[in-house]
Amino acid sequence: MSQLWDTASVADCLVPVSTAGRTKIQTRDYKPAGRFPVIDQGQEQIAGWTDDESAVIDSPLPLIVFGDHTRAFKFVDRPFARGADGTQLLRPKASIDPLFFFYACRAIDLPARGYNRHFTVLKEKELSYPVNANEQQSVAGVLHKAELALQQQTTLLGNLQELKRAAMRELFTRGLRGEAQKETEIGLVPESWELAPIGAHHAVVSGGTPSRGNPAFWSGGTIPWAKTTEVDYCVITETEEHITPLGLESSAAKMLPAGTLLMAMYGQGITRGKVAILGIEATCNQACAAITPKDDAVLPRYLYHFLTWRYEAIRSLAHGGQQQNLNLEIVRDLPVVYPQSKDEQDEIVTILDAIDRKIDLHRAKREVLEELFESLLRKLMTGEIAVSDLDLSALSPASTQHEEATA
């Protein structure tokens, strides 16, 4: 690091922030709209709103709000009120730019301690900063620009995902031919469409897991073996783990052809009910339902998109104890509505595939920007690179808008 940088503990970088006489807003009192944002320790920048002027922090802005339990940092440059618990208000001393300090704090390694408070640990951490105020502002400006580009991609991705939800709702309830609708067990659908359980036109089986205790089933394996964590609205072209031919023969695992649709029957969090398509010949574990066509009534990608649309309804059918699961019987009985016309099925697939390609593009862009931001944060805050070393023209609004127009 350059000798033009200084180092101090976070505590030594802070000046007091007065909150005397300012009430905190209880969570139950958050409003959906109001004059002043409520900033708390949650992950969202704004947790709610209030009209209570007596709660507004009257110290000079900007301030950094630190989540004592969550370790979240928020840069706030507008009048605001604090949420009820777990926030610390930070202001750096005059020689440190507030936005630079915000990013410098985020670069600090602050391990989670459960729901314990972290501020005492944060204050003891060391923070480095350029002595020159202009250099601080340049570093902060670069990081702010990179983060804005990342936020833009996140917003675009969210908009596209909402567009797909709306498109699926329209396509699977109205179709493309403008025909009258009829009532079914899943709601209104075009009058000429068929309704049948998955098992009527598809074979549904589960996979298996070779014994982990036998290295001969796993060591040097070349047969792809998919798990529910890999079933995530995608085409699976590779798997994290592989089994051997002996492992295949000695377990309930089955070779599945490319094009097989997988559904996660159980798994942690939001995994249950997700689907994916095998892009390769592979096996899977017993937590996956493997769905293969018995005839050509339903196009595979039509079924994939339809089950994606029915995700929440499918999850609600799970049962069991602490961890609710789907099973093969439930999957076989899942109702599917589809146009008898393969042309209409294919047109629906074409529309949704086009949206998926856009989603994949923006998800990939977001991942690149996330990596770029984290790399810049680490390297700029340690002095490993300088702002003058960087070419950030790709992050300019004009460049981004051009990419959107041509994507």
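Numbered per the working numbering, the sequence shown finishes at 410, counting up by one with no gaps. The beta carbon of each residue, even a glycine, is placed where N, CA and C say it ideally should be.
| Contact check, N49 vs V41 under 8 Å by CB: the rounded distance? | Here residue 49 turns out to be Ile, not Asn, going by the sequence shown. So it is a contact: roughly 7 Å between Cβ atoms.
| task | Starting from M266, follow its DSSP beta bridges and name the residues at the other end. | result | Residue pairing of M266 in beta bridges, as defined by DSSP: V278 and A292.
| Rounded separation between M268 and L355 - CA only | Their backbone Cα atoms lie some 24 Å apart in a straight line.
| task | Could you tell me the boundaries of the alpha helix (DSSP H) in which R412 lies? | result | Residue 412 lies beyond the residue range present for the chain, which begins at 4 and ends at 410; the question has no answer from this structure.
| task | In the DSSP assignment, find the beta strand (DSSP E) that holds Y314 and state where it starts and stops. | result | Where Y314 is concerned, there is no enclosing beta strand (DSSP E), although the alpha helix (DSSP H) it sits in stretches over Y314 to R318.
| request: Grab the span of the alpha helix (DSSP H) containing K297 for me, first residue to last. | output: From DSSP, K297 is part of no alpha helix (DSSP H); its letter is neither H nor E.
| By the 10 Å Cβ neighbour count, where 16 or more other Cβ atoms means buried, how is H322 classified, buried or exposed? | With a 10 Å radius around the Cβ and a threshold of 16 neighbouring Cβ atoms, H322 comes out exposed.
| task | Give the secondary structure of G202 by DSSP, where H, G and I count as helix, E and B as strand, and everything else as coil. | result | Three-state result, G202: helix.
| Through-space distance from L130 to A401, alpha-carbon basis | Confidence at A401 is low in this model, with a pLDDT of 47, below 50, so the placement of that residue should be treated as unreliable; the coordinate-derived value is given next. Here the alpha carbon of A401 sits roughly 35 Å from the alpha carbon of L130.
| query | Are the segment 220-227 and the segment 238-252 touching by the rule of at least three beta carbon pairs closer than 8 Å? | reply | Under the 8 Å Cβ criterion, the segment 220-227 counts as touching the segment 238-252, having at least three qualifying pairs.
| task | Mind checking which residues open and close the beta strand (DSSP E) that includes K77? | result | That run of the beta strand (DSSP E) goes F76 to V79.
| For V234 versus V334, is the C-beta spacing smaller than 8 Å? | The beta carbons of V234 and V334 sit no closer together than 8 Å.
| message | Run through the DSSP bridge pairs and tell me what N137 is partnered with. | response | The partner list for N137 (beta bridge, DSSP) is empty, contrary to what the question assumes.
| query | Are there 16 or more other CB atoms within 10 angstroms of the CB of K277, so buried, or fewer, so exposed? | reply | It counts as buried.
| Beta-bridge pairing of R85 - partner residues as DSSP gives them | DSSP lists I42 as partners of R85.
| task | Check whether the Cβ atoms of G340 and L302 lie closer than 8 Å to each other. | result | Note on residue identity: the sequence assigns Val, not Gly, to residue 340. Not a contact, by the Cβ cut-off of 8 Å.
| If you follow the beta strand (DSSP E) that Q184 is part of, which residue opens it and which one closes it? | Taken as a continuous stretch (DSSP letters only), the beta strand (DSSP E) holding Q184 covers Q184 to T187.
| said: So L265 and C287 are supposed to be a Cβ contact under 8 Å. How far apart are they, rounded? | reply: Sure, about 6 Å apart at Cβ, within 8 Å.
| Nearest-angstrom beta carbon gap, T295 and S254 [assumed within contact, 8 Å] | Not really, about 19 Å apart at Cβ, beyond 8 Å.
| said: Pull the bridge partners of R381 from the DSSP assignment, please. | reply: R381 is not bridged to any residue.
| Contact between the segment 81-90 and the segment 99-107 (3+ Cβ pairs under 8 Å) | The segment 81-90 vs the segment 99-107: no contact.
| request: Quick one: give me the first and last residue of the alpha helix (DSSP H) that P193 is part of. | output: Unbroken run through P193 is the beta strand (DSSP E), G190 to P193; no alpha helix (DSSP H).
| task | Let me know the alpha helix (DSSP H) ranges lying completely inside the segment 91-173, each 4 residues or longer, listed in chain order. | result | If only uninterrupted alpha helix (DSSP H) runs of at least 4 residues are considered, those enclosed by the segment 91-173 are 101-109 and 122-127.
| query | With a Cβ-Cβ cutoff of 8 Å, do V13 and K126 count as a contact? | reply | Yes, these two residues count as a Cβ contact at 8 Å.
| request: Take I388 and list the residues in its own chain whose beta-carbon comes closer than 6 Å to its own, dropping the five residues that flank it on each side. | output: Answer for I388: K382, listed in chain order.
| task | Enumerate, from N- to C-terminal direction, the unbroken beta strand (DSSP E) stretches of 3 or more residues contained entirely within the segment 337-384. | result | Runs of the beta strand (DSSP E) lying entirely within the segment 337-384, each at least 3 residues long, are 338-341 in chain order.
| Contacts around W312, its chain only, beta-carbon distance under 6 Å, and the 5 residues preceding and following it disregarded | Answer for W312: M171 and F175, listed in chain order.
| Does the pairing of the segment 53-72 with the segment 111-126 give three or more beta-carbon distances under 8 Å? | Contact check between the segment 53-72 and the segment 111-126: three or more CB pairs, one atom from each, fall below 8 Å, which counts as touching.
| Whole beta strand (DSSP E) runs in the segment 199-249 with 3 or more residues, listed along the chain? | Counting only runs of 3 or more, we get 205-209, 226-229 and 244-246.
| request: Tell me whether H72 sits in a helix, a strand or coil according to DSSP, three-state version. | output: Here H72 carries a coil assignment [DSSP, helix/strand/coil].
| said: Please state the DSSP three-state secondary structure of L17. | reply: Reduced to three states, the DSSP call for L17 is strand.
| Cβ-Cβ distance between I317 and L331 below 8 Å | Cβ atoms of I317 and L331: not closer than 8 Å.
| Who are the Cβ neighbours of K128 in its own chain at under 6 Å, not counting the five residues just before and after it? | By the criterion of a C-beta distance shorter than 6 Å, K128 is surrounded in its chain by V13 and I111, once the five residues flanking it on both sides are discounted.
| task | Report the residue from A300, Q156, E374 and E347 whose alpha carbon sits nearest the alpha carbon of L364. | result | Out of A300, Q156, E374 and E347, the CA that lies nearest to the CA of L364 is found in Q156.
| From E244 to L395, what distance separates their C-alpha atoms? | Taking the straight line from one Cα to the other gives about 38 Å.
| Boundaries (first-last residue) of the beta strand (DSSP E) holding T10 | Where T10 is concerned, the enclosing beta strand (DSSP E) stretches over W8 to S12.
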